[in-house]
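Down below is the structure, laid out as structure tokens.
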Amino acid sequence: MDVSDVSPQLEQLDLDLTTLQEVLQPLLSDVGDVSSKMPLLDKAKLYVLVCYTIESLIFSSLRLNGVDAKNHPVFTELARVRQYFEKIQKLETPPAERENTVNTEAVARFVRNDLADNKDIKNKLTELIAREKAKAEAKAAAAASSDKKRPAEEPTPEARSEEVGDKLPKRPKRDGSRKKK
């Protein structure tokens, strides 16, 4: 490759780096001052991002100089900083809240067995358990009926013709010869 072919790209790279340096100058001049005005989570993101950027530049420099950067301690630092990115992401997206449900049937059984001496309470709890079972069965039946109401998979044309053929009267089979009138 001819060196004269690369010189325009090198000049463009130099211009891009100068522009990048000018844009990042306010941020890099005093990171502490910039971060002091930020909320805590944004501050953590900024520090992790700056650290990752520095480590990435060192990693790239090592690779450009022919050093096996994957076996260099910088690579382990990059992995460590990536873990901080993952931790921050977990903080930003909290897990969905769990639904706490009480199994009233089980609670009623515990109480009924504990209060077996009191006949009125035992009878009321037995009725409550029966009502809860009925509700559960009604929900199960409703779910089963809604599954039946959903349209089944579209039958194949052969299956459809068999269904229709079962409903139509049978015709005698032809032997292939036509009778003349």
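Numbering follows the UniProt record's numbering, in which position 126 of the sequence shown is assigned residue number 126; successive positions increment by one, without gaps.
Note that CB positions come from ideal geometry on N, CA and C, so glycine has one too.
These numbers come from a predicted model, not from an experiment.
| Check | Outcome |
| --- | --- |
| Nearest-angstrom Cα separation, counted from L125 out to residue 233 | This structure leaves residue 233 out entirely; the chain is present only between 1 and 181. |
| As assigned by DSSP and simplified to three states, the class of D120 | helix |
| N- and C-terminal bounds of the alpha helix (DSSP H) containing D42 | L40 to L64 |
| Given 8 angstroms, three or more beta-carbon pairs between the stretch 33 to 50 and the stretch 66 to 74 | no |
| For R80, the three-state DSSP class (helix, strand or coil) | helix |
| Alpha helix (DSSP H) segment containing V31, residue limits | V31 to S36 |
| Through-space distance from D120 to A138, alpha-carbon basis | 27 angstroms |
| Rounded Cβ spacing between E77 and E55 (contact assumed at less than 8 angstroms) | 5 angstroms |
| Counted within 10 angstroms of its Cβ, other Cβ atoms place V6 as buried (16 or more) or exposed | exposed |
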